[in-house]
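Structure first, then comments.
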Amino acid sequence: MVVEATVRVQAEDFSAQSEMDTLTAGRRDVGALVSFTGLCRDEAGTLAALELEHYPGMAEAELDRIASDALKRWPLTGLTVVHRYGKIRPGEQIVLVVAASAHRRAAFEAADFLMDFLKTRAPFWKKEHFVSGKAETWVAAKADDDADAERWIAS
Amino acid sequence: MVVEATVRVQAEDFSAQSEMDTLTAGRRDVGALVSFTGLCRDEAGTLAALELEHYPGMAEAELDRIASDALKRWPLTGLTVVHRYGKIRPGEQIVLVVAASAHRRAAFEAADFLMDFLKTRAPFWKKEHFVSGKAETWVAAKADDDADAERWIAS
Amino acid sequence: MNIRYFAWVRERVGVEEEAIELPSSVVTVADLIGHLKTIDDNHAFAFEDEETIRVALDQMHVEADAELGDAKEAAFFPPMTGG
Amino acid sequence: MNIRYFAWVRERVGVEEEAIELPSSVVTVADLIGHLKTIDDNHAFAFEDEETIRVALDQMHVEADAELGDAKEAAFFPPMTGG
């Protein structure tokens, strides 16, 4: 049984529940469903909005590659990744990963793996707009994120 | 800021989305939301239903204890655990954990930890009812589940 | 003392709950199990493989060497299989 | 060859995309960066700290020593910060 991941890059908001429902609809072999939702924080009231730039085409292609790796590595029954672009305000959703499997460990690990590699490999960039009106700045990549992604290489 | 976990043990179904919404409502400091939903599998068509017995009072108390441990261990902004009892059919939901945090690693680890300890410490027992009509049997505890819980003791 | 049973321990004993007067020689959980096994064949069968059975005193997990102290309720059950 | 820029690399260069004729001496990504830096001050500024900049050829990540081959599009951008 070949499982295909669903990958979408869109400006519109998404519904975690509706993506989860799609992965379980009509099935009775899914025992575990893990969702990760990434939201925009206001950084203690200083952030007015994030502006998410992406490389159209490559963003989808790279997310597809990461999702395919996850499908090879864990016995999943389904996998969905949705990433937004454009202006996103504090409290709004940015990214969603849902992994479904017969067993919980596979679902947890696949969702965790997907987020780690998405952060370091998917071509998206965040620019911060501040409440104070000070000049917008590009978010710097975190060394932590590279370290998180490297966890999966040794194991 | 003291964060209190929400723990519910109930016969009724639950909505992951509504529990997630509760943890993010009116907040702008939540950057990561991880949900785990455990569902009843039909075991390749052989299972008619699971019957979940629990120890009323202790089930809630033990889930509270595990949730409090998680809140001490990770900087969470919210944590919700819902566990059902009674007869549950294939495709239906059994358990939900939602962990919210500023950062994704804390949310992932807390949800994972909660499920591991819930499996080995919360007083719930599953009895399988079969499609074939053969005698119902109690599900045996898995050595894997103990090993999963022990991962957190060393670290 | 109030004694409760769950899952297959309950099915073997044949009751969910019972109130039992304990002799003063019963100090620990292990003593309590020894005492319960003498009640009848159903209890003896339920505690046949006593290493497997888990115990809670007043809704807290304890080991077999725990003292009953002033606990009001003891519960016996198989390893948990929730989640 | 079609060249695309993203995030602050785009802002420094001043254009999102440009078509550039490459001399035959440009074989690898590193050669391409060297060539782009000669175009004007904006390009030189964008590639000032060239170790930091990531590259994709036809929408696949590559390293600086990768050969351009018959790739139609090269893209330059800072480390990713999605998710």
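Those sequence lines, one after another, are chains A, B, C and D. Quick note on numbering: the first sequence equals residues 19 to 173 in my numbering. Quick note on numbering: the second sequence equals residues 19 to 173 in my numbering. Quick note on numbering: the third sequence equals residues 183 to 265 in my numbering. Quick note on numbering: the fourth sequence equals residues 183 to 265 in my numbering. Glycine included, each C-beta is placed from N, C-alpha and C at the ideal position.
- Among the CB atoms of chain B, none fall inside 8 Å of the CB of A:S86.
- In this structure, the straight-line span from the alpha carbon of A:R83 to that of A:K160 is close to 22 Å.
- Near chain D, meaning a CB-to-CB distance below 7 Å, the residues of the segment 146-164 of chain A are W156, V157 and A159.
- Setting aside the 5 residues that flank it on each side, D:F258 is surrounded in the same chain by Y187, V191, I235 and V237, each with a C-beta closer than 7 Å to its C-beta; the list follows chain order.
- The beta carbon of A:F142 falls within 8 Å of a beta carbon belonging to chain D, placing the residue at that interface.
- The continuous stretches of alpha helix (DSSP H) do not include D:M242, which lies in the beta strand (DSSP E) extending over residues M242 to V244.
- Residue pairing of D:Y187 in beta bridges, as defined by DSSP: D:F258.
- The beta carbon of A:V100 is closer than 6 Å to those of R26, F32 and L114 in its chain, skipping five residues each way along the sequence.
- Chain B places a beta carbon closer than 8 Å to that of C:F188, counting this residue as a contact.
- For B:H72, the number of other beta carbons within 10 angstroms of its own is at least 16, and it is reported as buried.
- With fewer than 16 other Cβ atoms inside 10 Å of its own Cβ, B:R169 counts as exposed.
- Under a 10 Å Cβ-count criterion, D:S207 is classified as exposed, with fewer than 16 other Cβ atoms of the shown protein chains found around its own Cβ.
- Assignment of B:A118 by DSSP, reduced to helix, strand and coil, places it in the strand class.
- If you draw a 10 Å sphere on the C-beta of B:S53, you find 16 or more other C-beta atoms in it, and that means buried.
- Contacts with chain A at 8 Å (Cβ-Cβ) do not include B:S119.
- Between B:L81 and B:A88, the CB-CB gap reaches or exceeds 8 Å.
- Taking 8 Å as the threshold, the shortest C-beta distance from A:M133 to chain B falls below it.
- A:V149 is a Cβ neighbour of A:L65, given a cutoff of 8 Å.
- Annotation for C:T220: no residue places its beta carbon closer than 6 Å to its own, counting only its chain and skipping 5 residues before and after.
- For A:V100, the enclosing beta strand (DSSP E) begins and ends at L94 to R102.
- A:R45 and B:A62 have their C-alpha atoms some 11 Å from each other.
- Exclusion of the five residues before and after B:A34 leaves S53, T55 and L114 as the residues of its chain whose Cβ lies within less than 6 Å of its Cβ.
- D:L250 and D:P205 have their C-alpha atoms roughly 12 Å apart.
- Under DSSP, D:T220 takes part in no beta bridge, so it has no partner.
- Annotation: A:E71 is outside any alpha helix (DSSP H); the continuous beta strand (DSSP E) that includes it extends over L65 to H72.
- Interface flag for B:R59 against chain A is set, since a Cβ pair is found closer than 8 Å.
- DSSP, reduced to helix, strand and coil, places B:T55 within a strand of the structure shown.
- Sixteen is the threshold: since fewer than 16 other Cβ atoms of the shown chains lie within 10 Å of the Cβ of C:D247, the residue is exposed.
- For B:E146, the enclosing beta strand (DSSP E) covers residues F142 to F148.
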